[in-house]
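Undergrad: According to the UniProt record's numbering, the sequence shown is numbered sequentially starting from 1. Please see the structure below; I have some questions.
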Amino acid sequence: MDKIRSLRFFIATLEGGSFAAAAKAYGTDPSTVSKAIHRLENDLGIQLFQRSTRQIRLTEAGRRYANTARFVLDELTACEDSLKSHNDALSGLLKINVPVSYGRLYIRPLLKEFCRRYPSITIDIHYDDAYVDIIEQGIDVSIRSGVVQDSQLIVRQLSPIDFIICGSQDYLARHGVPSGPDAFNDHSWVRFRFKQTGKLLPIRMPEPDGASEYNPERNFIVNDGESMAELCAEGLGLTQIPHFIARDWLKAGRLVPIFPSMRQPGNGVYLLYANREYVPARVRVFIDFITQAIQDMDETPFHTWAETLPIYQPNQGD
1 MDKIRSLRFF IATLEGGSFA AAAKAYGTDP STVSKAIHRL ENDLGIQLFQ RSTRQIRLTE
61 AGRRYANTAR FVLDELTACE DSLKSHNDAL SGLLKINVPV SYGRLYIRPL LKEFCRRYPS
121 ITIDIHYDDA YVDIIEQGID VSIRSGVVQD SQLIVRQLSP IDFIICGSQD YLARHGVPSG
181 PDAFNDHSWV RFRFKQTGKL LPIRMPEPDG ASEYNPERNF IVNDGESMAE LCAEGLGLTQ
241 IPHFIARDWL KAGRLVPIFP SMRQPGNGVY LLYANREYVP ARVRVFIDFI TQAIQDMDET
301 PFHTWAETLP IYQPNQGD
């Protein structure tokens, strides 16, 4: 980059007739320009300008070098303009990485409208719950759920995650609603096992100073979030699932919430993309589109619809 800068100073000096004119063109001082050209001459082993107290003139070697320097700078400018034009185009391939459940339930239904608005953008979507190095894999945008820490990426939170304890009305009619955590062992639970660690996700309940964790003894165990909701709706037990998995089941009345939602600090849904100076237009419009669409679902970085969810009361009828 120093050589390119020196070339630009060299051509500006030639065109302006002085170091002062070149310095003015680039918003610097004449001594900086003079030193840069002197370093360029030392690197080349030739004198580019003949200097006097009144003026500077190109040497014969400087004249030949000027033709090459202009060509190099013109080619560089054309290349930069071409890249910028491509960068600003609402077209091309957009590679997206999403968690399986969130991707199916929240992102996939939005893609038809996005493609209608931007028909020249090709979507390549990958469903994966495992961590993916988006820079190494060439992913443009990743959506992750959980706790995200990656200083190499730009991270925007779409929403917190509210975990909801729920059950089917049929199960609750047969077994009753637990009065609190002390009664959790009296019920069957559909629970999640992490593939990576083999551990069960504990049942969490909010407390004034944080949260308490519970591990009921009677469990039906799966490693898929959507299966938790489905098995719970079929009456196999209670479950605690993220709001984005519970949403459609609650709307359909297949599941009902029996306790206020639980939120763990730092646990959220995040949108991630590479930290770079120029973000392609196709990436920018996708980020803006998804962010607005999630807000239209009554979800923001600090709020979800689950906060105001009415708790099921058995005496209000099945």
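Don't be surprised by glycine CBs; every beta carbon is placed ideally from N, CA and C.
1. Would DSSP call Arg-276 helix, strand or coil?
2. Going by DSSP in three states, Glu-207 sits in which element: helix, strand or coil?
3. For my contact list, Arg-284 and Ile-121 are in at a C-beta cut-off of 8 Å; report their separation, rounded to the angstrom.
4. Using alpha carbons as the reference points, say which of Ala-233, Phe-259, Ile-258 lies closest to Asp-248.
5. Kindly list the residues whose CB is nearer than 6 Å to the CB of Cys-181, restricted to its own chain and excluding five residues on each side of it in sequence; keep chain order.
6. Identify which residue in Leu-158, Leu-272, Ser-142 has its Cα closest to the Cα of Phe-244.
7. CB-CB under 8 Å to Asp-162, same chain, minus the five flanking residues each way: which ones, in chain order?
8. Tell me the DSSP secondary structure of Asp-318 in three-state form.
9. Should Cys-166 go down as buried or exposed, given a rule of 16 or more other Cβ atoms within 10 Å for buried?
10. Which residues mark the beginning and the end of the alpha helix (DSSP H) in which Thr-13 is found?
11. Identify, in the order they occur along the chain, each residue of the same chain with its Cβ nearer than 6 Å to the Cβ of Ser-188, setting aside the five sequence neighbours on each side.
12. Closest to Leu-105 by C-alpha separation, out of Met-297, Thr-53, Arg-70, would be which residue?
13. Where does the unbroken beta strand (DSSP E) through His-126 begin, and where does it stop?
14. Check for me: the alpha helix (DSSP H) holding Asp-162 runs from which residue to which?
15. Could you tell me the boundaries of the alpha helix (DSSP H) in which Val-132 lies?
16. Sort out for me which residues DSSP pairs Gly-92 with in a bridge.
17. Checking 8 Å against the spacing of the C-beta atoms, do Pro-202 and Phe-302 come in under that value?
18. Leu-40 and Phe-10 - do their beta-carbons sit closer together than 8 Å?
19. Where does Thr-13 land, buried or exposed, given buried means 16+ other C-beta within 10 angstroms?
20. Are the beta-carbon atoms of Glu-47 and Thr-59 separated by less than 8 Å?
21. Closest to Ile-258 by CA distance: which of Lys-199, Ile-311, Gly-266 is it?
22. Please work out which residues of its chain come closer than 8 Å, Cβ to Cβ, to His-38, disregarding the five sequence neighbours upstream and downstream, and give them in chain order.
23. Which of the three DSSP states is assigned to His-303 in this structure?
24. Would you be able to state if there are at least three C-beta pairs under 8 Å between the stretch 264-272 and the stretch 138-153?
25. In chain order, what residues of the same chain lie with their CB nearer than 7 Å to the CB of Arg-57, ignoring the 5 residues before and after it?
TA: Well, looking at it:
1. Taking the sequence shown and counting its residues from 1, one reaches residue 276 at position 276. Correct three-state label for Arg-276: coil.
2. Here residue 207 refers to the residue found at position 207 when the sequence shown is read from its first residue. Strand.
3. Your numbering for residue 284 matches position 284 in the sequence shown. Your numbering for residue 121 matches position 121 in the sequence shown. At roughly 11 Å, the Cβ-Cβ gap does not stay under 8 Å, so Arg-284 and Ile-121 are not in contact.
4. Your numbering for residue 248 matches position 248 in the sequence shown. Taking only the C-alpha atoms, the option nearest Asp-248 is Ala-233.
5. Here the question's residue 181 lines up with position 181 in the sequence shown. Checking the displayed sequence, the identity of residue 181 turns out to be Pro instead of Cys. Result list for Pro-181: Met-205, Tyr-214, in chain order.
6. By 1-based counting over the sequence shown, the position of residue 244 is 244. Nearest C-alpha to Phe-244: Leu-158.
7. Here residue 162 refers to the residue found at position 162 of the sequence shown. So the qualifying residues of the chain are Pro-242, His-243, Ser-261, Met-262, Arg-263, Thr-304, Ala-306, Glu-307.
8. As a position in the sequence shown, residue 318 is number 318, starting the count at 1. Model confidence at Asp-318 stands at a pLDDT of 46, short of 50, so the residue's coordinates are unreliable and nothing is read from them.
9. Within the sequence shown, residue 166 is the residue found at index 166, counting from 1. Under this definition Cys-166 is a buried residue.
10. The sequence position of residue 13 within the sequence shown is 13, counting from 1. Counting along the chain, the alpha helix (DSSP H) containing Thr-13 begins and ends at 2-16.
11. The residue you call residue 188 lines up with position 188 of the sequence shown. Excluding residues within five positions, the ones whose Cβ falls inside 6 Å are Arg-218, Gly-237.
12. The residue given as residue 105 occupies position 105 in the sequence shown. The residue with the shortest Cα to Cα distance from Leu-105 is Met-297.
13. Within the sequence shown, residue 126 is the residue found at index 126, counting from 1. Here the beta strand (DSSP E) through His-126 covers 121-127.
14. As a working mapping, residue 162 is identified with position 162 in the sequence shown. Where Asp-162 is concerned, there is no enclosing alpha helix (DSSP H), although the beta strand (DSSP E) it sits in stretches over 153-167.
15. Position 132 of the sequence shown, counted from the start, is the residue given in the question as residue 132. Here Val-132 belongs to no alpha helix (DSSP H), and DSSP marks it neither H nor E.
16. As a first step, residue 92 must be located in the sequence shown, where it is residue number 92. Paired residues: Ile-121.
17. For the purposes of this step, residue 202 is identified with residue 202 of the sequence shown, where counting begins at 1. For the purposes of this step, residue 302 is identified with residue 302 of the sequence shown, where counting begins at 1. Result no, Cβ atoms of Pro-202 and Phe-302 do not sit closer than 8 Å.
18. Taking the sequence shown and counting its residues from 1, the one referred to as residue 10 is at position 10. Taking the sequence shown and counting its residues from 1, the one referred to as residue 40 is at position 40. Yes, Cβ-Cβ distance for Phe-10 and Leu-40 is below 8 Å.
19. Indexing the sequence shown from 1 puts residue 13 at position 13. It is buried - the Cβ of Thr-13 has at least 16 other Cβ atoms within 10 Å.
20. In the sequence shown, counting from the first residue as 1, residue 47 sits at position 47. In the sequence shown, counting from the first residue as 1, residue 59 sits at position 59. Reading the sequence as shown, one finds Gln at residue 47 and not Glu. Going by C-beta atoms, Gln-47 is nearer than 8 Å to Thr-59.
21. Residue 258 sits at position 258 when you count from the first residue of the sequence shown. With distances taken between Cα atoms, Ile-258 lies closest to Ile-311.
22. Here residue 38 refers to the residue found at position 38 of the sequence shown. No residues qualify anywhere along the chain.
23. Position 303 of the sequence shown holds residue 303. Correct three-state label for His-303: strand.
24. yes
25. Taking the sequence shown and counting its residues from 1, the one referred to as residue 57 is at position 57. So the list reads Phe-49, Gln-50, once near-sequence residues are dropped.
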